[in-house]
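Enquirer: In our numbering, the protein residues as written are -13 to 359.
Where is the CB? At the ideal position from N, CA and C, for every residue including glycine.
Here you go, one structure.
See the structure below:
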């Protein structure tokens, strides 16, 4: 059986596809089915993950239509058209049994070509508000898996299933010595602050100014993003009043998946953006969290995701435009100093996540693919 994966240019689109691949291989082995997986699109987000899972990359160009005025919106129209022709040609010769899409602009040429070739399409929507690519692809799809029930009414009900978020196996394992994995000493409670794979400059600035309030009693692990690492390190060294407290501050430009999983295992509270993938990983680890969504004028998805999750009681949401360094420190301390609230948030997080979303999609893909053979 041959499955083509397609989706986005971000980790939020890419890594769930890797989780689905892990489940596909496992299900295929148990059923005696030889499953071949290919990833189709421009340059993949993480080549090492493709290599780890023996996924072949099939190049296909794609263009992006931005929500703001840009001359690139015009030139990218030709990339989209060119991508459709390339996808049609390559899918014609590959002729997979099913296409699995996670949305994002890179998926559009492949979705259109697959529909023209009558190849079944399955999509998964991570966000509480469907992205434009998935909203477009829904009309061509056989099955739509969603992570948030808020997204359900926006799709045809006969196609939709609330299944949760596909999460890679590394996050299901519990690290017996997570601080050792991270090179962080035992003792004080750990605050894990992460701004996404590319970091978040606004969050970084607030964290630096909040260190004087946090470091006397807590250890802070701060993932800054590669572009911001040197600036954050230098600024923190200059601004922290008691330099001896810097031994409680651990700055990382980026973290591997294993390190992120270990950080979540070790953390007492997590401060994060509100990408759906991050939310579900935090929920899986049952950690109290403070979510700072990307402002709505940049991305409407994260705000909806954050409040959808916060309604369970598992997280606190603070809008970026309202946030100050003292407010951030106060919110962190409010959770850390209230053990009863921590337990309530952990219980709520446990009820939010589902452990079998990747397997549900793998079973669906195999079922639809076998019909198409």
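I need the straight-line Cα distance from residue 163 to residue 270, nearest angstrom please.
Expert: 18 Å
Enquirer: According to DSSP, residue 173 sits in a beta bridge with which residue or residues?
Expert: DSSP lists no partner for residue 173.
Enquirer: Closest to residue 22 by C-alpha separation, out of 33, 310, 39, would be which residue?
Expert: 39
Enquirer: How is the beta strand (DSSP E) around residue 209 delimited, first residue to last?
Expert: First-last of the beta strand (DSSP E) with residue 209: 205 to 209.
Enquirer: Indicate whether residue 25 and residue -5 have their beta-carbon atoms separated by less than 8 Å.
Expert: no
Enquirer: Which of the three DSSP states, helix, strand or coil, is assigned to residue 178?
Expert: strand
Enquirer: DSSP on residue 80, reduced to helix/strand/coil?
Expert: helix
Enquirer: Report all residues from its chain with a CB closer than 7 Å to the CB of residue 274; omit the five preceding and five following residues, and keep chain order.
Expert: 255, 321, 328, 331, 332
Enquirer: Taking only the alpha-carbon atoms, compute the straight-line gap between residue 365 and residue 157 and give it to the nearest angstrom.
Expert: Any answer about residue 365 is impossible in this case: the structure gives the chain only from -13 up to 359.
Enquirer: Use the C-beta contact count for residue 169: other C-beta atoms within 10 angstroms, 16 or more gives buried, fewer gives exposed.
Expert: The residue in question, residue 169, is exposed, as its Cβ has fewer than 16 Cβ neighbours within 10 Å.
Enquirer: Looking at residue 335: is its Cβ nearer than 8 Å to the Cβ of residue 300?
Expert: In contact: residue 335 and residue 300 (Cβ atoms closer than 8 Å).
Enquirer: Would you tell me roughly how many angstroms separate the C-alpha atoms of residue 227 and residue 281, rounded to the nearest one?
Expert: Approximately 31 Å, taken between the alpha carbons.
Enquirer: Can you tell me which of the three DSSP states residue 342 falls into?
Expert: coil
Enquirer: Quick one: residues in its chain with C-beta nearer than 6 Å to the C-beta of residue 60, no 5 flanking neighbours on either side, listed in chain order?
Expert: Residue confidence is low: residue 60 scores 45 on pLDDT, short of 50, so the model does not pin down where it sits. No coordinate-derived value is stated.
Enquirer: Is there contact between the stretch 210 to 217 and the stretch 306 to 320, where contact requires at least three CB pairs shorter than 8 Å?
Expert: no
Enquirer: Can you check the stretch 1 to 31 for any alpha helix (DSSP H) of at least 4 residues that lies completely inside it and give the ranges in chain order?
Expert: none
Enquirer: Does the ligand ZN have even one heavy atom less than 7 Å from the beta-carbon of residue 36?
Expert: You won't find the ligand ZN in this model; it holds no ligand whatsoever.
Enquirer: Can you name the start and end residues of the alpha helix (DSSP H) that residue 258 belongs to?
Expert: Run containing residue 258: none in the alpha helix (DSSP H); it sits in the beta strand (DSSP E), 255 to 258.
Enquirer: What's the C-alpha gap between residue 27 and residue 43?
Expert: 8 Å
Enquirer: Return the chain-ordered list of same chain residues with a C-beta closer than 6 Å to the C-beta of residue 142, the five sequence neighbours on each side being excluded.
Expert: none
Enquirer: Output the distance between the C-alpha atoms of residue 49 and residue 346, rounded to the nearest integer angstrom.
Expert: Low per-residue confidence applies at residue 49: pLDDT is 49, beneath 50, and the placement is therefore not dependable, though the value from the model is reported in the following sentence. Looking at the two C-alpha atoms, the distance is approximately 31 Å.
Enquirer: Please state the DSSP three-state secondary structure of residue -12.
Expert: strand
Enquirer: With a cut-off of 8 Å, do at least 3 Cβ pairs link the stretch 124 to 132 to the stretch 94 to 113?
Expert: When Cβ pairs closer than 8 Å are counted between the two stretches, the stretch 124 to 132 is seen to touch the stretch 94 to 113, the count reaching three or more.
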